[in-house]
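Numbering (our numbering), first residue to last: -15 to 205.
Shown next, in structure tokens, is the structure this report addresses.
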Amino acid sequence: MIMISFPQRLLDGYRAFATQRLPTEQNRYRELSERGQSPEVMVIGCCDSRVSPEVIFDAGPGELFVMRNIANLVPIYQPDDRAHGVSAALEFAVSVLRIKHIVILGHAQCGGIRAFIDKIAPLSPGDFIGKWMAMFIKPGEIVEQRPHETMQDFVTRIEKAAVFRSLENLMTFPFVRARVESGELQLHGAYFGVAEGTLFILDKATKEFRKASELPISIGE
Ligand SMILES: [Zn+2]
-15 MIMISFPQRL LDGYRAFATQ RLPTEQNRYR ELSERGQSPE VMVIGCCDSR
35 VSPEVIFDAG PGELFVMRNI ANLVPIYQPD DRAHGVSAAL EFAVSVLRIK
85 HIVILGHAQC GGIRAFIDKI APLSPGDFIG KWMAMFIKPG EIVEQRPHET
135 MQDFVTRIEK AAVFRSLENL MTFPFVRARV ESGELQLHGA YFGVAEGTLF
185 ILDKATKEFR KASELPISIG E
């Protein structure tokens, strides 16, 4: 008997997928296999297990090009001799897939943001989370609770600020900026409220997040 310690939950999940979902999507998978992927939307979200873009946006195979990291952060453009994971994904999405939309998806109760706010001690000698979150602030910038601001409001404000910062940093990539300016690429911000499952969309004009359920429904593009 072969003993495999692969998680039973995943084996059960795959069986459910293979018997229920796959039959309805088999043609789509074959088509994608032959023609390759051509998603129009890239989502940059957090690793948080509660905030899965494919689940929230009810996406099927080939629809979303997803990049997830701690606190949904996009670094600034740094063409140096180091390896940059987010930049590599962006480069491929924008230059090869010619993605039309990039959505930065922030969320409530983000552990990365909380670690940053609480200035937690390094979790390991590498202090990878500390160094990763440090790029969130600009040199000389101070992030602190405002007078009369509750801790909850402060955390939410910083979680949303992470979306703004990532959108700002996206524009430091020449290949992103060029396509945004030519109108071929649009950048968007969103925020997911975990408890209620509420999605908020950033209204760039007012810099406010508005409930997706209250936005007018547009027909077509
Ligand atoms: Zn998070």
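Just so it is clear, CB atoms sit at the ideal spot from N, CA and C, and this is done for glycine as well.
Own chain residues within Cβ distance below 8 Å of residue i, not counting five before or after
| i | result |
| --- | --- |
| Gly177 | His91, Ala92, Leu183 and Phe184 |
| Leu199 | Ile185 |
| Ser166 | none |
| Leu16 | Pro45 and Gly46 |
Backbone secondary structure at residue i - three-state DSSP
| i | result |
| --- | --- |
| Asp137 | helix |
| Leu211 | Residue 211 lies beyond the range of the chain shown here (-15 to 205); nothing can be said about it. |
| Val70 | helix |
| Leu48 | strand |
| Arg161 | helix |
| Glu192 | strand |
Residues near residue i by beta carbon distance below 7 Å, same chain, minus five either side
| i | result |
| --- | --- |
| Ile97 | Ala55, Val139, Ile142, Glu143 and Ala146 |
| Phe193 | Lys144, Tyr175, Phe184, Ile185 and Leu186 |
| Cys31 | Arg52, Asn53 and Ile54 |
| Asn153 | Val58, Pro59 and Ile60 |
Element boundaries [beta strand (DSSP E), containing residue i]
| i | result |
| --- | --- |
| Pro95 | Per the sequence shown, residue 95 should be read as Gly rather than Pro. No beta strand (DSSP E) holds Gly95; the alpha helix (DSSP H) holding it covers Gly95 to Ile101. |
| Ile185 | Thr182 to Asp187 |
| Thr171 | Reading the sequence as shown, one finds Leu at residue 171 and not Thr. Taken as a continuous stretch (DSSP letters only), the beta strand (DSSP E) holding Leu171 covers Gln170 to Gly177. |
| Ile28 | Val25 to Cys30 |
Enclosing alpha helix (DSSP H) for residue i [first to last residue]
| i | result |
| --- | --- |
| Ile88 | Counting along the chain, Ile88 falls outside any alpha helix (DSSP H), though it belongs to the beta strand (DSSP E) covering His85 to His91. |
| Arg(-7) | Gln(-8) to Ala0 |
| Ile113 | Phe112 to Ala118 |
| Tyr13 | Leu6 to Arg19 |
| Glu38 | Pro37 to Ile40 |
Spatial neighbours of residue i in its chain, beta-carbon cut-off 6 Å, leaving aside the 5 residues before and after
| i | result |
| --- | --- |
| Ala289 | Within the shown structure, residues of the chain are numbered from -15 to 205, placing residue 289 beyond reach of any answer. |
| Ala196 | Leu183 and Ile185 |
Specify which residues have a beta carbon nearer than 6 Å to any heavy atom of ligand 2, listing them in chain order. Here the bound small molecules are ligand 1; ligand 2 is not part of this structure.
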